[in-house]
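Presented below is the structure to which this report refers.
There are 2 protein chains.
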Amino acid sequence: MWSRPRKAPRQTLTLERIVAEAVALLDEEGVTGLTMRRLAERLGTGSTTLYWHVRTKEDVLDLALDAVFGEAAMPEARPGEPWHEPVRALMGAWRSALLRHPWSATVLDRPLLGPNALARTEFLFQALIAAGFPAPGAAAHSLAGFVTGSVISQVTWQERAGEDVDVFLRERADGWPALAAHGLAPEWDATFAEGLGYLLAGMDQALG
Amino acid sequence: MWSRPRKAPRQTLTLERIVAEAVALLDEEGVTGLTMRRLAERLGTGSTTLYWHVRTKEDVLDLALDAVFGEAAMPEARPGEPWHEPVRALMGAWRSALLRHPWSATVLDRPLLGPNALARTEFLFQALIAAGFPAPGAAAHSLAGFVTGSVISQVTWQERAGEDVDVFLRERADGWPALAAHGLAPEWDATFAEGLGYLLAGMDQALG
DNA sequence: CCACTACTAGACCATCGATCCGGTCGGCGT
DNA sequence: ACGCCGACCGGATCGATGGTCTAGTAGTGG
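Those sequence lines, one after another, are chains A and B.
Counting from 1, position 65 in the first sequence corresponds to residue 65 in full-length UniProt numbering; the numbering is continuous, with no gaps.
Counting from 1, position 135 in the second sequence corresponds to residue 135 in full-length UniProt numbering; the numbering is continuous, with no gaps.
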């Protein structure tokens with residue numbers, strides 16, 4: 001998708017409009033609600049026309065997901081600041097953007113090669129290099145993977161698990177005592193902050 | 001009365017057989033290759049029959065995913081061992097099981113409420129409680145989320161990104177210098193171990 | 001022997017992603 | 001002034017999917 005050249009415009013129906021409408025549709029109806037026909041209908045055109053701008057539906061999802069990444073602000077590094085401050089800020093913005101569009105979590109299983117995603121990954125790499133990691137790859141992947149996993153967990157539990165889950169767990173509390181005692185759905189923001197804190201503390205320690 | 005109303009089922013097609021065949025089919029053809037029709041065909045039956053044993057295709061995926069979790073061995077805690085050893089072992093087995101069935105990564109966006117998944121979560125909770133976490137929820141979610149995210153990253157890059165990605169990145173190296181210099185696809189095992197090490201070290205530190 | 005339950009299957013429905021084929025519009029070269 | 005070609009659009013259609021309806025069959029308890 002990203003490596004293919006873009007076509008010249010006639011500007012009545014543009015990729016930008018398609019992507020914006022796709023995000024809106026996804027926000028309203030989730031990933032199963034995104035249909036080429038419905039998307040075309042909302043754009044006042046036929047489904048065939050979309051395929052002139054886009055090769056497959058996957059392309060639409062790629063574009064929509066990268067648009068979400070674009071919502072994550074990249075913090076400005078202030079001098080004298082501890083290295084993990086901008087990293088923490090970026091991961092928080094990253095997470096917030098994904099949570100603002102819960103469908104994005106179910107769509108993260110694709111290469112994040114959009115310009116917005118790459119820009120943020122680049123930012124993360126540079127921040128880690130500046131912090132003292134000569135090979136920031138592992139640290140960057142750990143942080144990105146942590147955010148991804150956290151968001152997926154949260155969205156999954158919030159959207160697809162109802163009260164019946166708690167009941168289910170408590171009814172069979174003898175089978176999973178620790179689970180039933182502490183519950184499965186935590187305070188998500190605090191949980192994320194705590195986990196990110198562990199990661200960053202471990203990295204700090206490794207840096208000596 | 002004393003003789004149990006032994007409901008002797010037909011036993012020709014069982015849930016177990018369905019799940020086993022679904023896993024095999026998923027292994028061979030990925031998540032898009034799993035079709036109720038194809039699954040039925042492999043089982044020598046009609047697609048309708050599956051719906052007697054299963055309510056929807058989602059059920060099949062839930063069952064298949066839990067079967068994968070069942071492959072992750074739960075380590076035995078040896079006395080005197082540092083607390084993070086069994087945790088590290090569990091997360092490693094967890095990750096390996098998911099990687100052995102790469103389709104599972106794209107299917108992790110659902111509540112993990114199967115017996116196998118719950119048993120391992122319970123194990124994790126207990127290990128963290130024993131380590132000294134009075135409220136292990138956040139730590140457990142951090143670890144689980146980290147594994148989830150790591151696996152998704154790895155599978156995504158390994159399966160869906162080809163050489164063209166490297167070329168694409170290197171061609172535009174001026175836009176993302178750090179990225180192009182260090183590459184996107186690391187040594188996965190080492191990366192995972194390093195990240196998990198950070199997490200555990202941070203937790204150790206928090207425990208005092 | 002009957003009734004009932006466990007189980008199976010073919011035809012069918014709405015819908016989906018994608019394509020075929022036939023258009024329409026507008027700027028460019030001449 | 002003109003025509004023409006590529007950018008753009010859409011109705012009809014294809015093959016396939018998840019799921020249901022209806023109509024069965026086989027084995028077992030009564």
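We put the CB at the ideal spot given by N, CA and C, even for glycine.
Only a predicted model underlies this, so the values are computations on that prediction, with no experimental measurement involved.
B:Pro86 carries a helical assignment under DSSP once its states are collapsed to helix, strand and coil. Looking only at A:His84, A:Ala72 and A:Gln205, the smallest Cα-Cα distance to A:Ala117 is reached by A:Ala72. Close partners of A:Met203 in chain B (Cβ separation under 9 Å): Tyr198, Ala201 and Gly202. Relative to A:Phe192, the option among A:Ala180, A:Gly183, A:Gln158 and A:Gln154 whose CA is nearest is A:Gln154. Sequence-ordered contacts of the region 119–136 of chain A with chain B read Thr121, Glu122, Phe125, Gln126, Ile129, Ala135 and Pro136 [C-beta pairs closer than 7 Å]. DSSP places A:Asp66 in the helix class (H, G or I) of the three-state scheme. Remark: three or more beta-carbon pairs, one from each stretch, lie closer than 8 Å, so the region 126–138 of chain B and the region 173–191 of chain A are flagged as touching.
The residue among A:Ser142, A:Gln158, A:Leu26 and A:Gln126 with its C-alpha nearest the C-alpha of A:Val68 is A:Leu26. Taking a 10 Å sphere around the C-beta of B:Thr148, we find 16 or more other C-beta atoms and assign the residue as buried. Excluding its 5 nearest sequence neighbours in each direction, A:Glu159 has C-beta neighbours in its own chain below 7 Å: Pro102, listed in chain order. Membership of B:Glu21 in the alpha helix (DSSP H) is indicated by the continuous run Leu15 to Glu29. If you compare the alpha carbons of A:Gln205, A:Leu90 and A:Met36 with that of A:Glu122, the shortest gap goes to A:Leu90.
The beta carbon of B:Phe69 does not come within 8 Å of any beta carbon belonging to chain A, so the residue lies off that interface. Distance check between A:Asp174 and each of B:Gly202, B:Ala119, B:Ala178 and B:Gly197 places B:Ala119 closest, using alpha-carbon atoms only. In the displayed model, B:Glu81 falls within coil according to three-state DSSP, outside both helix and strand. The beta-carbon separation of B:Phe146 and B:Gly195, rounded to 7 Å, stays under the 8 Å limit for a contact. For the pair B:Gly132 and B:Leu207, the CB atoms are nearer than the 8 Å cut-off. In the structure shown, the three-state DSSP call for A:Arg170 is helix. Remark: C-beta atoms of A:Ala144 and A:Val87 do not approach each other more closely than 8 Å. For A:Leu63, not one C-beta of chain B is nearer than 8 Å to its own C-beta. Measuring C-alpha to C-alpha distances from B:Arg95 to each of B:Ile152, B:Ala22, B:Ser47 and B:Gly80 identifies B:Ile152 as the nearest. With the criterion set as a beta carbon lying under 9 Å from some beta carbon of chain A, the region 73–84 of chain B has no members that meet it. Residues of chain A with a Cβ closer than 9 Å to the Cβ of B:Ala20 do not exist; the shortest Cβ-Cβ separation is about 24 Å.
A:Leu200 and A:His84 do touch by the CB rule: their CB atoms are close to 4 Å apart, below 8 Å.
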